[in-house]
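Remarks on the structure that follows.
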Amino acid sequence: MSEKPSNKNQSDFIREIIKADLSSGKHDSSITRFPPEPNGYLHLGHAKSICLNFGIANENESTGARCHLRFDDTNPSKEETEYVESIKKDIKWLGFDWGKHLYFASDNFEQLYEWAVYLINKNIAYVDDLNADEIREYRGSLTEPGKDSPHRNRSADENLKLFTQMREGLFNDGDKVLRAKIDMSHPNINMRDPVIYRIIKAHHHKTGDKWCIYPSYDFAHGQCDSIESITHSLCTLEFEQHRPLYEWFIDKLPVQTKPRQIEFSKLQPTYTLLSKRKLIEMVNDNYVDGWDDPRMSTLSGLRRRGFPPQSLITFCKSVGITKFTGVTDIAVLEHAVREQLNKEALRKMVVLDPIKLTITNWPKKGQVEFMNAINNPEDNESGKRQIPLDGEVYIEREDFMENPPKKYHRLSPGNEVRLRYSYCIRCDEIIKDDDGNVIELLCSYDPETLGKNPEGRKVRAAIHWVSVSDSIGAEVRLYDRTFTAEDPSGVDDWRECFNHEALNVLTGCKLESSLRDASTDQRFQFERKGYFCLDSKDSSKEKLVFNRTIALRDTWAKINKS
RNA sequence: AACCCCGUGGUGUAAUUGGUAACACAACUGAUUUUGGUUCAGUCAUUCAAGGUUCGAGUCCUUGCGGGGUUGCCA
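Residue 337 in the numbering used here sits at position 351 of the first sequence, with consecutive numbering throughout.
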């Protein structure tokens, strides 16, 4: 049905390197991997990495390229199965497929342990009794070299004995660690005898209680890459200074293939938070409804909000891959979403904030006339539908103004507008309640204006409407940007710039009745208002709930503001 | 301050690898429009700075300036 997402003819420095490696014969094909840690939900930033790694595999499919999904589960104290499942779901939703290549770093614990023993026997790894604070002290600082641990020169035999005892559980968390013996005065701090195994007596989601020692990221990642024959290990910039260590292990260990690590810059969209820690806080502190709240930058949140997966792929493509750490205007994403939705969304008429309008010269009360409405002007296949008009309708409260400003084209006393797909009407009278609020408009229609413009005068606006008799009620949730600061990560506490108006729940909305049969996989444009979808969690036959994915561009709002 | 990385319109990416600075978003004009949507046309940078190499430099060299990363038994 749909073809595999890939960015053919896209180029960036990583794709250039891979292309060169293929044409030089260094590799017959590329094998990449997406390596999430199962300790949280995937977000927009992960989408960039997914599009890169899986995209490269799809683009080079003819050479046998593939992309693995590998869960980096080396720290049992933070990881859970719930996250594994959500991560798989999100990748599939984006349209990517790891086939049979699903792996866990924990699959390799035995091999990694053997390699640790190998380093001990080579006398380039040792068990250290220093505690975490002492190790930090001994490491030195950015400007000063570190100094050797007093336990650095234990014999291989003693190290082996202690490491075995670590595995057997004879020590407590933090009592001992295994460290690589490299150089305590190395200018790169990662090379100052990094910890490669630590004791963590916690239940692991895959291996249960089999292990109480776990390899660190540095000791596990590159070796897992090698075990899986990964050719290009793509990661973000903060791992750049880990590369010498990555290569040190690959060099010292009897591994069969030598993967190459290449770093690229993280995605940093404006008005968006992508820090896993802060996203967890938003959930735990009940600022949002959960990981899939439509205000979240998680893929599950964006999905529930109504973002089409293709729009995220388009977005990632336009962002590109470089080593430059810049910010991406969230408007680029919003544009990709509108572009996609404009093509596929079915048009509907929905009045979000209704006010009643009666056509006083309608021939007979209750007489119904059907209007032809286009389902999607961007897609001829989508056809037309019939909408009843019977003289009593709801229109949008903001489409009427008693005292309109200069360039206001909509309804006002004595002024004429078109009811979309229907007749032109003129406002003759306003009915107000005791507090002076407008509660009803009395208008007259011109029977000569169906399908043609009136002669001798210009009607400048067409407004949407729903017949009172044809309307159904629903709750509509209006979403806006989640943060008020352009860079929420630069604010001391994200709570200070959390946009409390990012969710606006409207309850008395009036929808055209065809929306009764809406399904969760459909996307709609509520004409002149924005793109909407059914809320996958809270909507039911009895109580319809729609989410606004994104508003339509609104030139009038801009004019009005200035 | 030590080490590493990066500097091309307002923003993000391109530039056949030394040969006319291109694309997208944003913004602003204007046209079209029964969605103030869509669409269409137009405006908006001599590539951080200064030197150098060259017939020719965004691309190569030097120095300076600016931004980011790094001092977890996280990944």
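Positions of the beta carbon are idealized from the N, C-alpha and C atoms, including for glycine.
Runs of beta strand (DSSP E) wholly within the region 317 to 349 (minimum 3 residues, chain order) | 332 to 334, 340 to 345
Taking the continuous alpha helix (DSSP H) assigned at Ser286, which residues delimit it?
-> As a working note, residue 286 is residue 300 in the first sequence. Here the alpha helix (DSSP H) through Ser286 covers 285 to 291.
According to DSSP, what are the bridge partners of Glu551?
-> The requested residue 551 is not part of the displayed model; the chain covers only -13 to 548.
How many angstroms separate the CA atom of Ile42 from the CA atom of Tyr99?
-> On the first sequence, position 56 is the one that residue 42 refers to. On the first sequence, position 113 is the one that residue 99 refers to. Their backbone Cα atoms lie some 32 Å apart in a straight line.
Report the rounded CA-to-CA distance for Ile299 versus Gly292, giving the unit in angstroms.
-> Counting from one through the first sequence, the residue named residue 299 turns up at place 313. Counting from one through the first sequence, the residue named residue 292 turns up at place 306. Taking the straight line from one Cα to the other gives about 15 Å.
Look up Leu397 in the DSSP assignment and say whether it is helix, strand or coil.
-> If you number the first sequence from 1, residue 397 lands on position 411. Note: Leu397 maps to strand in three-state DSSP.
Three-state secondary structure assigned by DSSP to Val424 | By 1-based counting over the first sequence, the position of residue 424 is 438. Of the three classes helix, strand and coil, the one that applies to Val424 here is strand, per DSSP.
Write down the C-beta distance between Glu66 and Pro24 rounded to the nearest angstrom, noting that I regard them as a contact closer than 8 Å.
-> By one-based count along the first sequence, residue 66 stands at place 80. By one-based count along the first sequence, residue 24 stands at place 38. About 7 Å separates the two Cβ atoms, so the contact holds.
What does a CB cutoff of less than 6 Å around Tyr431 pick up in its chain, not counting 5 residues either side in sequence?
-> Counting from 1 along the first sequence, the entry for residue 431 is found at position 445. Only Ile345, Tyr409, Ile411 meet the Cβ criterion.
Between the Cα of Ile417 and the Cα atoms of Thr435, Leu405, Glu434, Ser398, which residue gives the shortest distance?
-> Within the first sequence, the letter at position 431 stands for residue 417. Nearest option by C-alpha distance: Ser398.
Note the first and the last residue of the continuous beta strand (DSSP E) segment covering Asp414.
-> What you label residue 414 is simply residue 428 of the first sequence in a count that begins at 1. Asp414 -> beta strand (DSSP E) spans 410 to 418.
Should Ile449 be labelled buried (16 or more other beta-carbon atoms within 10 Å of its own) or exposed?
-> What you label residue 449 is simply residue 463 of the first sequence in a count that begins at 1. Burial call: buried.
Environment of Ile73 [buried if 16+ CB atoms lie within 10 Å] | Here residue 73 is taken as the residue at index 87 of the first sequence, counted from 1. By the 10 Å Cβ count, Ile73 comes out buried.
Quick one: using the 10 Å Cβ neighbour count with 16 as the cut-off for buried, is Arg443 buried or exposed?
-> Position 457 of the first sequence holds residue 443. Its Cβ having fewer than 16 others within 10 Å, Arg443 is exposed.
Name the DSSP beta bridge partners of Arg52, please?
-> In the first sequence, counting from the first residue as 1, residue 52 sits at position 66. According to DSSP, which records beta bridges pairwise, Arg52 is partnered with Ile17.
For the candidate residues Arg140, Leu164, Lys547, whose alpha-carbon lies nearest to that of Ala118?
-> The residue given as residue 118 occupies position 132 in the first sequence. Measuring from the Cα of Ala118, the nearest candidate turns out to be Leu164.
Which class does Ser219 belong to by DSSP, given the choice of helix, strand or coil?
-> Position 233 of the first sequence, counted from the first residue, corresponds to residue 219. Here Ser219 sits in strand by DSSP.
Using DSSP with H/G/I as helix, E/B as strand and the rest coil, what is Thr535?
-> By 1-based counting over the first sequence, the position of residue 535 is 549. It is a strand residue.
Do the region 212 to 220 and the region 236 to 256 touch if we need at least three Cβ pairs shorter than 8 Å?
-> yes
Going straight from the alpha carbon of Phe310 to that of Glu226, what length do you get?
-> In the first sequence, counting from the first residue as 1, residue 310 sits at position 324. In the first sequence, counting from the first residue as 1, residue 226 sits at position 240. If I take the Cα positions, the gap works out to 13 Å.
DSSP bridge partner residues for Leu497 (one or two, in chain order) = If you number the first sequence from 1, residue 497 lands on position 511. The partner list for Leu497 (beta bridge, DSSP) reads Val336, Ile458.
For Asp507, which residues from the same chain have a beta carbon less than 6 Å from its beta carbon, with the 5 sequence-adjacent residues on both sides left out?
-> On the first sequence, position 521 is the one that residue 507 refers to. Hits under 6 Å: none found.
Which runs of the beta strand (DSSP E), 3 residues or longer, sit entirely within the region 242 to 316?
-> 246 to 250
Consult DSSP for Ala543 and reduce its assignment to one of helix, strand or coil.
-> As a first step, residue 543 is located in the first sequence; it is residue number 557 there, counting from the start. It is helical.
Determine the direct distance from the alpha carbon of Arg396 to that of Trp542, and round the result to whole angstroms.
-> By one-based count along the first sequence, residue 542 stands at place 556. By one-based count along the first sequence, residue 396 stands at place 410. The straight-line gap separating the alpha-carbon atoms of Trp542 and Arg396 is approximately 11 Å.
Helix, strand or coil: which one does DSSP assign to Ile0?
-> Locating residue 0 in the first sequence gives position 14, counting from the first residue. Ile0: helix per DSSP, three-state reduction.
Buried or exposed for Pro433, please, with buried defined as at least 16 other CB atoms from any protein chain shown within 10 angstroms of its CB.
-> In the first sequence, residue 433 corresponds to position 447, counting from 1. Label assigned to Pro433: exposed.
Can you name, in chain order, every residue of its own chain whose Cβ lies under 6 Å from the Cβ of Met(-13), other than the five neighbours on each side?
-> The count along the first sequence starts at 1 and reaches residue -13 at position 1. The predicted model places Met(-13) with a pLDDT of 31, which falls under 50 and marks its position as unreliable; any figure quoted below should be read in that light. None.
Mind checking whether the beta-carbon of Ala460 lies closer than 8 Å to any heavy atom of the ligand NAD?
-> The ligand NAD is absent from the structure shown, which contains no ligands of any kind.
For Pro294, collect the residues of the same chain with a Cβ closer than 6 Å to its Cβ; drop the 5 residues on either side in sequence, then sort them by chain order.
-> The residue given as residue 294 occupies position 308 in the first sequence. For Pro294, where only same-chain residues beyond five positions count, the Cβ hits under 6 Å are Gln326.
C-alpha gap between Gln611 and Met335, whole angstroms | Since the displayed the chain opens at -13 and closes at 548, residue 611 lies outside it and no answer follows.
Can you give me the start and stop residues for the beta strand (DSSP E) that Arg229 sits inside?
-> Residue 229 sits at position 243 when you count from the first residue of the first sequence. Per DSSP, Arg229 belongs to no beta strand (DSSP E); it is in the alpha helix (DSSP H), 229 to 238.
Chain-order list of residues whose beta-carbon lies under 6 Å from that of Glu402 (same chain, five-residue window excluded) = Position 416 of the first sequence, counting from 1, holds the residue named residue 402. The residues are Cys410, Arg412, Val445.
Gly516 burial status per 10 Å Cβ neighbour count (16 or more: buried) | As a first step, residue 516 is located in the first sequence; it is residue number 530 there, counting from the start. Counting Cβ neighbours within 10 Å, Gly516 comes out buried, since at least 16 surround it.
With DSSP run on the structure shown, which of helix, strand or coil describes Lys192?
-> On the first sequence, residue 192 is found 206 positions in, with the first residue counted as 1. In this structure, Lys192 counts as coil in the three-state DSSP scheme.
With 16 other Cβ atoms within 10 Å as the buried cut-off, status of Ser135 = Stepping through the first sequence from its first residue, residue 135 is reached at position 149. Per the 10 Å Cβ criterion, buried.
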